[in-house]
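When you read off a place in the sequence shown, starting at 1, and then add 27, the result is the number in the working numbering. The structure appears right after this line, and notes come after that.
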Amino acid sequence: MTTTTTLTTTRTRNDASSPSTSVLQFSSSLRRRTRRIGLRASPSSSSSSSSKNETDERNETTTTTIENNNTSKLQQTEVITRLWSNVNENEGYAHESGSVFGNAALIAGTTVGAGVLALPEITGPSGFLPSSEVLVAMWMYFVATGFCLAEVNLATLCALGSSKDGVSLFSVTRSTLGNGGALVFSAAYVFMHECLTIACCLKGAEILSSGKYVADVGFDEAVLVFGGAIGLFVALSNEKVLDFTNRLLVLFIVSALIGLVSLCVGEVDAANLERSDFSVVGNTIPGVAVAFVYQSVLPSVVSSLEGDVPKIKKATILGTAVPLAMFLLWNAVVLGALSGEDLMTSGVNPVDLLASKIESGYGTVLIDAFSFSAVATSFIGFTIGLKSFIADGLRSVDVKSEPISYALTLIPPLTFAITYPDVFISAIDNAGTFGVIVIFGLLPPLMVYSYRKSAKEFESKITMSTEMTRQKALIDTIALPGGDWTLFAIFAFSACVILQELVERVGG
């Protein structure tokens with residue numbers, strides 16, 4: 028018996044890229060993208076030649092042929108969990124897949140940002156135990172909604188194809204909720220990201236202009252240096268450089284936090300941790316929601332990991348679990364070191380109070396290092412996500428300029444931060460109250476419900492090919508258990524949080 032391995036490569040070309048209104052049009056449109064190889068499930072015979080005109084795409088299938096003495100052949104297809112293969116055009120179309128750890132670091136870096144710096148001020152009134160329960164519950168909530176977004180993102184990728192940045196949430200919402208839903212989502216998405224980018228610029232500029240590390244730098248100049256320098260770095264760097272930078276910044280954040288914990292552990296009083304007020308726990312939800320924002324980079328994660336659902340799940344859970352552990356530890360240190368009277372002092376940042384209690388001269392340096400690294404890595408994530416979102420919208424009107432995308436991403440928040448330098452907490456509050464919960468809580472279950480409904484209708488009208496069936500089966504593996512009831516529970520919780528905030532604001 029002899030064994031031979033045959034690699035069959037088929038080239039196809041499809042220059043048309045008109046968007047489809049159905050996210051379940053699984054056809055050759057999956058292959059309508061450059062720098063990406065689609066994987067067919069069924070084996071194909073090798074081709075002796077291919078036309079030069081058919082050059083934009085490669086569909087890769089690996090088959091094993093086993094020949095016995097009677098020359099009968101048995102073909103076995105390799106089990107593949109990814110939906111496509113990313114390739115490097117500059118290295119002979121070599122396979123170039125993103126790593127789970129690298130994408131988890133991107134998620135963690137985006138999550139750990141301006142929100143964590145405001146966390147002690149938000150959780151202080153309720154106390155350590157109630158706020159810790161909220162942190163764990165909101166982590167589970169946002170992992171679930173992240174899976175919802177990944178599910179519809181994968182389906183939209185299969186229907187529309189994409190560039191190397193993946194399909195942004197604009198295309199996902201338009202495919203699932205129509206133009207009206209996409210318009211509402213887009214406005215809220217841009218508003219939320221602008222608010223959080225402004226918050227990052229303000230905190231970064233505050234550290235740079237403090238005079239501790241750089242002399243004679245005004246606040247306005249510090250805003251431009253922080254936002255402009257990091258924004259330019261993102262624009263000029265490739266995925267590998269940004270991946271390495273995020274890993275490095277996350278390492279700095281973790282190291283600084285460990286250092287702070289070691290310095291502050293002697294200041295922690297168990298009596299402070301026992302203080303609880305569950306009556307105000309609901310007020311912590313919007314602020315905690317801001318601390319768990321990472322969904323803006325999900326399209327990039329899904330694209331980088333080639334639609335591989337097991338890897339996407341691992342990256343999402345790991346990338347959010349690390350920040351959760353950090354939030355719980357940070358919450359315990361600050362709330363344990365400060366008394367109830369300290370936390371209720373109006374106009375005083377609990378983090379500044381903590382710095383004043385640390386006798387070591389390294390305390391302030393560690394807090395600044397922790398804060399600066401947190402807002403820097405978060406700023407990178409928000410810039411990547413918002414730029415991808417804007418670029419996708421510009422492509423829909425035949426505008427394909429990278430400089431325009433970056434200009435629309437960076438100029439508005441930098442201008443606002445210079446004009447209104449005292450809106451850090453307001454920016455966090457506005458982003459969380461109606462931005463995060465609406466965009467990443469209320470709408471994802473609606474998107475999934477719409478997608479699944481259209482999927483059933485689509486499947487009932489056609490005969491699914493082997494490739495289409497494989498794609499659908501892989502996408503379904505990320506679905507949350509419980510079906511429509513789980514989607515309804517997520518939607519109902521989100522609606523209750525928004526309604527509570529509306530009632531309090533109108534009544535207050």
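Every residue, glycine too, gets a C-beta built ideally from N, C-alpha and C. Keep in mind it's a predicted model, so treat the numbers as computed, not measured.
Quick one: Cα of residue i to Cα of residue j, how far?
{"i": "residue 126", "j": "residue 274", "result": "12 Å"}
{"i": "residue 291", "j": "residue 389", "result": "11 Å"}
{"i": "residue 148", "j": "residue 443", "result": "24 Å"}
{"i": "residue 506", "j": "residue 181", "result": "11 Å"}
{"i": "residue 57", "j": "residue 199", "result": "Here residue 57 scores only 35 on pLDDT, less than 50, and its place in the model should not be relied on; the value that follows carries that caveat. Straight-line Cα distance between these residues: approximately 15 Å."}
{"i": "residue 343", "j": "residue 473", "result": "21 Å"}
{"i": "residue 287", "j": "residue 348", "result": "20 Å"}
{"i": "residue 217", "j": "residue 247", "result": "23 Å"}
{"i": "residue 508", "j": "residue 514", "result": "10 Å"}
{"i": "residue 355", "j": "residue 262", "result": "34 Å"}
{"i": "residue 183", "j": "residue 202", "result": "7 Å"}
{"i": "residue 352", "j": "residue 231", "result": "24 Å"}
{"i": "residue 150", "j": "residue 165", "result": "13 Å"}
{"i": "residue 453", "j": "residue 219", "result": "12 Å"}
{"i": "residue 270", "j": "residue 237", "result": "29 Å"}
{"i": "residue 395", "j": "residue 207", "result": "43 Å"}
{"i": "residue 525", "j": "residue 215", "result": "14 Å"}
{"i": "residue 161", "j": "residue 311", "result": "8 Å"}
{"i": "residue 369", "j": "residue 377", "result": "8 Å"}
{"i": "residue 233", "j": "residue 306", "result": "34 Å"}
{"i": "residue 421", "j": "residue 196", "result": "13 Å"}
So, is residue i buried or exposed, given that buried needs 16 or more other C-beta atoms within 10 angstroms?
{"i": "residue 194", "result": "buried"}
{"i": "residue 533", "result": "exposed"}
{"i": "residue 228", "result": "buried"}
{"i": "residue 512", "result": "exposed"}
{"i": "residue 523", "result": "exposed"}
{"i": "residue 265", "result": "exposed"}
{"i": "residue 383", "result": "exposed"}
{"i": "residue 313", "result": "buried"}
{"i": "residue 326", "result": "buried"}
{"i": "residue 242", "result": "exposed"}
{"i": "residue 293", "result": "exposed"}
Is residue i helix, strand or coil by DSSP?
{"i": "residue 60", "result": "With a pLDDT of 37 at residue 60, under the threshold of 50, the modelled position of that residue is not reliable, and the figure given next carries that caveat. Coil, per DSSP."}
{"i": "residue 303", "result": "strand"}
{"i": "residue 254", "result": "helix"}
{"i": "residue 154", "result": "strand"}
{"i": "residue 416", "result": "helix"}
{"i": "residue 239", "result": "coil"}
{"i": "residue 319", "result": "coil"}
{"i": "residue 198", "result": "helix"}
{"i": "residue 281", "result": "helix"}
{"i": "residue 295", "result": "coil"}
{"i": "residue 349", "result": "helix"}
{"i": "residue 450", "result": "coil"}
{"i": "residue 508", "result": "coil"}
{"i": "residue 213", "result": "helix"}
{"i": "residue 405", "result": "helix"}
{"i": "residue 148", "result": "helix"}
Have a look at the options and flag the residue whose alpha-carbon is nearest the alpha-carbon of residue i.
{"i": "residue 433", "options": "419, 515, 385", "result": "419"}
{"i": "residue 317", "options": "155, 528, 459, 197", "result": "459"}
{"i": "residue 324", "options": "213, 173, 237", "result": "173"}
{"i": "residue 131", "options": "395, 358, 278, 385", "result": "278"}
{"i": "residue 517", "options": "284, 134, 168, 298", "result": "168"}
{"i": "residue 135", "options": "335, 319, 154, 358", "result": "319"}
{"i": "residue 133", "options": "204, 322, 463", "result": "322"}
{"i": "residue 530", "options": "309, 295, 329, 244", "result": "309"}
{"i": "residue 140", "options": "281, 330, 446", "result": "281"}
Comparing the CB of residue i with every heavy atom of the ligand ATP, is any distance shorter than 7 Å?
{"i": "residue 251", "result": "With respect to the ligand ATP, the structure offers nothing, as it holds no ligand at all."}
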